[in-house]
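Please read the structure below before turning to the comments.
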Amino acid sequence: MAETTVRGQERLHLDYIDGFRAIAALYVVCVHLLPRSWGENSPVGPLRLLAKVLSQGHFAVTAFIVVSGFCLMLPVIRGGMTLRGGTTVFFKRRFWRIAPPFYLAFVASALLLQLGKGLGAAVPAYYPTTQVTAAQVLGHLTLLQTLIPGGTLPNNGVLWSITVECLIYLWFPLLVLLWRRLGATRATVFYVAAGYAFFLALRQTPLAPVTPQYLGAFAIGALAASIAYAPVGRWLEWRGRLPWHLIAFGIFGAIAGLCILAGWEHVLPYLDWLDLPIALSAAALLIGASLPGKNRVRQALQWKPLVALGAFSFSLYMIHYPLADIICRYLIEPLHLGQYAFAAAILVFAIPLILIASYGFYHAFERPFHAVAKRIV
Numbered sequence: 010m011a012e013t014t015v016r017g018q019e020r021l022h023l024d025y026i027d028g029f030r031a032i033a034a035l036y037v038v039c040v041h042l043l044p045r046s047w048g049e050n051s052p053v054g055p056l057r058l059l060a061k062v063l064s065q066g067h068f069a070v071t072a073f074i075v076v077s078g079f080c081l082m083l084p085v086i087r088g089g090m091t092l093r094g095g096t097t098v099f100f101k102r103r104f105w106r107i108a109p110p111f112y113l114a115f116v117a118s119a120l121l122l123q124l125g126k127g128l129g130a131a132v133p134a135y136y137p138t139t140q141v142t143a144a145q146v147l148g149h150l151t152l153l154q155t156l157i158p159g160g161t162l163p164n165n166g167v168l169w170s171i172t173v174e175c176l177i178y179l180w181f182p183l184l185v186l187l188w189r190r191l192g193a194t195r196a197t198v199f200y201v202a203a204g205y206a207f208f209l210a211l212r213q214t215p216l217a218p219v220t221p222q223y224l225g226a227f228a229i230g231a232l233a234a235s236i237a238y239a240p241v242g243r244w245l246e247w248r249g250r251l252p253w254h255l256i257a258f259g260i261f262g263a264i265a266g267l268c269i270l271a272g273w274e275h276v277l278p279y280l281d282w283l284d285l286p287i288a289l290s291a292a293a294l295l296i297g298a299s300l301p302g303k304n305r306v307r308q309a310l311q312w313k314p315l316v317a318l319g320a321f322s323f324s325l326y327m328i329h330y331p332l333a334d335i336i337c338r339y340l341i342e343p344l345h346l347g348q349y350a351f352a353a354a355i356l357v358f359a360i361p362l363i364l365i366a367s368y369g370f371y372h373a374f375e376r377p378f379h380a381v382a383k384r385i386v
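In the numbering used here, the protein residues as written are 10 to 386.
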């Protein structure tokens, strides 16, 4: 459960953060599973609209990074704009929360890759290899697999975003320092500008996979935390004045409509630039959900099944893809179902099975390291 102490040091249980994470994670799962129901063919009937809705999985990563900035800035606000324990303690805690389950997700993915090879079904054409290579081991051990040629596992490419997020964490202490020196708004603008400056400088180089524009999304999430919970500041008077939910849904609706109407193939060249409005939309939604009083968006995000799922959304994100590969290739595809029946099998069989496995992975391999991280002082 996401919780912190702000606004007069009362204990807040931010269930809506878990609900937000759950929705983003479920969307990513659907993005990676449901298109398998039509494969290389064109989707039929209502599945055509579903295909368009599921074409925007990239933006879920943007939303996750905004939430990360939001959550990491909350204890800084609580601590008088200082990192509790200092920079070294911050990095140690981040490492123990992320690296061990990440490594274990890599091991699980590698084992599933070998299991798939042993079962003998046709290897997908987009798999460059079914071997676990030294480059893959080195890449994931250093959390730099996207920067090492051949470093990505073919059955779990989604781990790239974990690498990006870890690289962003390296810049968080500097963000806190700039926050104190320049103020929240100026520091955020600086990070957005710097992120896109690095993006332009690196996009034709081997360092392009670090996607530096996400620095801005992270800082926007941090600014959202300041707007929502800081006891003082120039944004304080605007906290309850602006229609945050209207802003959030307006921006998101405009971007989603653009992607659906124009076609994903026409939007794709501008995807990195659209991360900025999507980050603003996610930040506005989080601010709106934080407001006291009757709040239907917060109530929806705090729906108990969503909150429960959000608690293990990190594990779900890390291992869903290799599980989906095994389930679809070896349990569903051999049935030679039509598109509608295949989609139904994914919804009623594959996704629940993945949720159960992810929940088990969370309790066995992620949650224990949360306790380790909390003990670091």
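Ideal placement from N, C-alpha and C gives every residue a C-beta, glycine not left out. Being a predicted model, the structure only gives us computed values, none of them experimental.
Query - Beta-carbon proximity list for leucine 43, same chain, < 7 Å, skipping 5 on both sides - result: Leu59, Leu63, Ala352, Ile355
Report task. Could you confirm whether any beta carbon from chain B is found closer than 8 Å to the beta carbon of leucine 58? Result -> Although the question refers to chain B, the structure presented lacks it and comprises just one protein chain.
Query - Among Phe111, Phe258, Arg376, nearest to serine 170 - alpha-carbon criterion - result: Phe111
Report task. In the DSSP assignment, find the alpha helix (DSSP H) that holds glutamate 174 and state where it starts and stops. Result -> 169-178
**Report entry** Host alpha helix (DSSP H) of cysteine 337 (start-end)
**Finding:** Premise fails: cysteine 337 is in no alpha helix (DSSP H) and is neither H nor E.
Query raised in the report: Nearest CA to the CA of valine 40: which residue from Tyr326, Gly95, Arg384, Gly54?
Result: Tyr326
Query raised in the report: Going by the C-beta, is tryptophan 247 closer than 7 Å to any heavy atom of the ligand GDP?
Result: Here there are no bound small molecules, and the ligand GDP is not part of this structure.
**Report entry** Neighbour-count burial assignment, tyrosine 279, 16 or more Cβ in a 10 Å radius
**Finding:** exposed
**Report entry** Endpoints, alpha helix (DSSP H) assigned at glutamate 274
**Finding:** 273-276
Report task. Following the continuous alpha helix (DSSP H) through threonine 194, name the residue where it begins and the one where it ends. Result -> 193-211
Report task. Please list, in chain order, all residues of the same chain as phenylalanine 227 whose beta carbon is under 6 Å from its beta carbon, the five residues on each side excluded. Result -> Ile74, Gly78, Ile177
Report task. Quick one: residues in its chain with C-beta nearer than 7 Å to the C-beta of leucine 184, no 5 flanking neighbours on either side, listed in chain order? Result -> Ala196, Tyr200, Ala228, Ala231
Query raised in the report: If you check the beta carbons only, do threonine 139 and leucine 121 fall under 8 Å apart?
Result: no
**Report entry** Candidates Ala202, His379, Arg338, of which the one nearest asparagine 164 by Cα
**Finding:** Arg338
Query raised in the report: Rounded to a whole number of angstroms, what is the C-alpha to C-alpha distance between serine 235 and leucine 124?
Result: 47 Å
Query raised in the report: What separation, rounded to the nearest whole angstrom, lies between the Cα atoms of arginine 102 and leucine 245?
Result: 30 Å
Report task. Whole angstroms is fine: what's the gap from glutamate 342's alpha carbon to glutamine 145's? Result -> 28 Å
Query raised in the report: Between proline 109 and phenylalanine 321, is the Cβ-Cβ spacing less than 8 Å?
Result: no
Query raised in the report: How should glycine 17 be labelled, buried or exposed, when 16 other C-beta atoms within 10 angstroms of its C-beta is the threshold for buried?
Result: Only weak support is given to the placement of glycine 17: the predicted model assigns it a pLDDT of 44, under 50, and the question is left unresolved by the model.
Requested in this report: Return helix, strand or coil for glutamine 222, following the three-state DSSP convention.
Outcome: coil
**Report entry** Unbroken alpha helix (DSSP H) run spanning histidine 149, endpoints
**Finding:** 143-150
Query raised in the report: What distance in whole Å lies between the Cβ atoms of phenylalanine 370 and isoleucine 328, which are believed to be in contact at a cut-off of 8 Å?
Result: 6 Å
Query raised in the report: Taking DSSP as the reference, what is the three-state secondary structure of serine 51?
Result: coil
Query raised in the report: Whose C-beta lies closer than 8 Å to the C-beta of tryptophan 247 among residues of the same chain, with five residues either side of it excluded?
Result: Ile236
Query raised in the report: Straight-line CA distance for leucine 315 to isoleucine 32?
Result: 7 Å
Query - Cβ-based neighbour list, glutamine 65, same chain, cut-off 6 Å, excluding 5 preceding and 5 following - result: Cys268
Report task. Use the C-beta contact count for leucine 23: other C-beta atoms within 10 angstroms, 16 or more gives buried, fewer gives exposed. Result -> buried
Query raised in the report: Between the stretch 203-210 and the stretch 145-161, are three or more C-beta pairs nearer than 8 Å?
Result: no
Query - Span separating the alpha-carbon of isoleucine 336 from that of alanine 117 - result: 15 Å
Query raised in the report: Using the C-alpha atoms, what's the distance from alanine 114 back to leucine 150?
Result: 11 Å
**Report entry** Euclidean distance between Cα positions of alanine 257 and alanine 293
**Finding:** 5 Å
Query raised in the report: Closest by CA to glycine 347, which one among Leu364, Gly28, Gly54?
Result: Gly54
**Report entry** Among Pro52, Ala69, Val85, Ala373, nearest to leucine 187 - alpha-carbon criterion
**Finding:** Val85
Query raised in the report: Can you tell me whether glutamate 375 is buried or exposed, with buried defined as 16 or more other CB within 10 angstroms of its CB?
Result: buried
Report task. May I have the straight-line CA-CA distance separating leucine 156 from glycine 166, to the nearest angstrom? Result -> 13 Å
**Report entry** Pairwise C-alpha distance: leucine 300 and proline 286
**Finding:** 22 Å
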